[in-house]
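The opening position of the sequence shown corresponds to residue 29 in this note's numbering, with each subsequent residue numbered one higher.
First the structure, in the form of structure tokens, and then the observations on it.
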Amino acid sequence: MISNITILGIESSCDDTSAAVIRDGVMLSNTIASQAVHARYGGVVPELASRAHQQNIIPVVHDALKQANIDKSELTAIAFTRGPGLLGSLLVGTSFAKGLSQALSIPLVDVNHLQGHVLAHFISQGNEEEKFPVFPFLCLLVSGGNSQIVLVRDYLDMEVIGQTIDDAAGEAFDKCAKVMGLPYPGGPYIDKLAKEGNPKAFTLNKPQISGYDYSFSGLKTSFLYLLRDEEKKNPNFVAENRADLCASLQATIIEILMNKLRKAAKDLNIKQVAVAGGVSANSGLRDAFHEHAKKYGWEVFIPPFSFTTDNAAMIAITGYYKFLKGEFCGIEEVPYTRVSNLIV
Ligand code: KG4
């Protein structure tokens, strides 16, 4: 086994500029600059995001090298998020990675952001008690832009077996939070308020779709109509019922997610089940995973909070496995904003 493979990972797909160093699969640093500038607009503003990435990228990479206690001359390769994401944001990370790889004469490895979320489960923090999923396993990938069930056969052999046909789970959280007047992104606020509410207080629409696909737009509409109808009768409806609304919404989203995941695990006879992406920070979803572990004998893998949202450590670990297979990227390659069904 070749050792001392030191990968610098760069992530800039949305509104977090992040850089990380991973050596032989062990994380040496993971630095992130988040962009507060979007909060007042109720969503990410692409133009502002790319400008903030330009400001952040050099200090963030500098910090990642410093925290890892290495010099840039020790880097073996540079891995960067090539997509999916916002084009302007991706361009900043991609151009920086290309420039640095040319300057250092080291290989460039392009990484699919979604694959990075899944492989975040293999980031070692050098702790002897760490446990990693065993192939094949299922990964529920839930973020602001995606809701997928991924069958993971190997590090670089993955298949999306189910995905949302409309909104993502995170989008359902954020859009429903917005109509309740909560700040953006609303997912964490709903999570917090749900803890004080009754999950059975309101009944919301659940989709009837075959297979392992998801749909959240019907739920969002039924939530919107509930608020509209009730507010006609009582203008203070939302303020008076916020915790119950959050608890009912969260419970419904989790039920939709877990029903399909359970079906896939049963059909494929897989008991190693992981969760990834920003929504995996949700405490109700984490509890549901632990309950399923007890009830169905699953071995569950839930990432540390720092690896649930966008981070460069997951890009660096994916770059590491691609490097080992000699999967490099040419200087002429450009970012992509979307990917089709297969994520590799
Ligand atoms: O993976 P991610 O950081 O990036 C995007 O896909 O943009 O996911 C962000 C999503 C947002 O929709 C946010 O509301 C949601 O993850 N999220 C949560 C929680 N923390 C973040 N949703 C529910 N509960 C949470 N605790």
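Every residue, glycine too, gets a C-beta built ideally from N, C-alpha and C.
Since the model is a prediction, treat every value here as computed from it, not as a measurement.
Would you report the Cα separation of residue i and residue j, rounded to the nearest angstrom?
i: L56; j: A47; result: 11 Å
i: V328; j: K260; result: 44 Å
i: L147; j: I345; result: 7 Å
i: E268; j: K206; result: 16 Å
i: G209; j: P135; result: 47 Å
i: F108; j: A304; result: 19 Å
i: G172; j: S245; result: 14 Å
i: L221; j: R270; result: 7 Å
i: L128; j: I106; result: 8 Å
i: D182; j: Q236; result: 31 Å
i: K353; j: T122; result: 21 Å
i: Q83; j: F251; result: 39 Å
i: H320; j: E102; result: 44 Å
i: I193; j: K322; result: 31 Å
i: T28; j: L115; result: Look at the range of the chain in this structure, 29 to 372, and you will see that residue 28 is not part of it.
i: V88; j: L132; result: 18 Å
i: V73; j: S334; result: 23 Å
i: L370; j: Q176; result: Caution applies to L370, whose pLDDT of 48 falls short of 50 and renders its modelled position unreliable; the model cannot decide the point.
i: Q143; j: R290; result: 22 Å
i: E158; j: R256; result: 48 Å
i: H149; j: F160; result: 6 Å
i: S41; j: M186; result: 21 Å
i: A316; j: Y324; result: 12 Å
i: E355; j: Q153; result: 24 Å
i: E283; j: V188; result: 20 Å
i: T45; j: F124; result: 12 Å
i: E224; j: D52; result: 44 Å
i: L254; j: W326; result: 36 Å
i: P227; j: D91; result: 43 Å
i: C204; j: M286; result: 20 Å
i: E213; j: K350; result: Glu is not the amino acid found at residue 213; the sequence shown has Pro there. Approximately 32 Å between the Cα atoms of the pair.
i: K288; j: I343; result: 28 Å
i: A258; j: K294; result: Per the sequence presented here, residue 258 reads as Glu, with Ala not at that position. Rounded to whole angstroms, E258 to K294 spans 40 Å at the Cα level.
i: H318; j: Q130; result: 46 Å
i: D202; j: L232; result: 16 Å
i: N174; j: V367; result: 11 Å
Between residue i and residue j, which are expected to be in contact by the criterion C-beta below 8 Å, what is the C-beta distance as a whole number of angstroms?
i: F230; j: D195; result: Actually they are not in contact, since the Cβ atoms of F230 and D195 sit about 19 Å apart, beyond 8 Å.
i: T169; j: V178; result: Correcting the residue identity first, residue 169 is Leu in this sequence and not Thr. Going by Cβ atoms, the distance from L169 to V178 rounds to 6 Å, so yes, they are a contact pair.
i: V301; j: L166; result: 5 Å
i: L164; j: H141; result: It is worth fixing the name first, because residue 164 is Pro in this sequence and not Leu. Between H141 and P164 the Cβ distance is about 22 Å, and since that is not below 8 Å, they are no contact.
i: I50; j: G37; result: 7 Å
i: I60; j: Y348; result: The pair is not a contact, with the Cβ atoms about 19 Å apart (cut-off 8 Å).
i: P211; j: A64; result: In fact, because the Cβ distance is near 11 Å, the residues do not count as touching under 8 Å.
i: T104; j: I151; result: With 8 Å as the limit, T104 and I151 do not qualify as a contact, their Cβ atoms being about 17 Å apart.
i: P332; j: R110; result: Actually they are not in contact, since the Cβ atoms of P332 and R110 sit about 25 Å apart, beyond 8 Å.
The ligand SAH and residue i: does any heavy atom of the ligand fall closer than 7 Å to the residue's C-beta?
i: C42; result: For the structure depicted, the ligand SAH is absent and the ligand set comprises only the ligand KG4.
Quick one, are the C-beta atoms of residue i and residue j less than 8 Å apart?
i: G215; j: A292; result: no
i: A197; j: I281; result: yes
i: I298; j: R314; result: no
i: D43; j: S62; result: yes
i: N373; j: A341; result: There is no way to answer for residue 373, as the model of the chain reaches only from 29 to 372.
i: S117; j: H81; result: yes
i: S78; j: V120; result: yes
i: K248; j: A200; result: yes
i: L296; j: I218; result: no
i: C274; j: V137; result: no
i: E39; j: D338; result: yes
i: I359; j: K126; result: yes
The stretch 247-265 / the stretch 307-317 touching (three or more Cβ pairs under 8 Å): no
Indicate whether the contact test is met: 3 or more Cβ pairs, each with one atom in the stretch 86-102 and one in the stretch 233-247, closer than 8 Å. No: the two stretches stay apart, fewer than three of their Cβ pairs being nearer than 8 Å.
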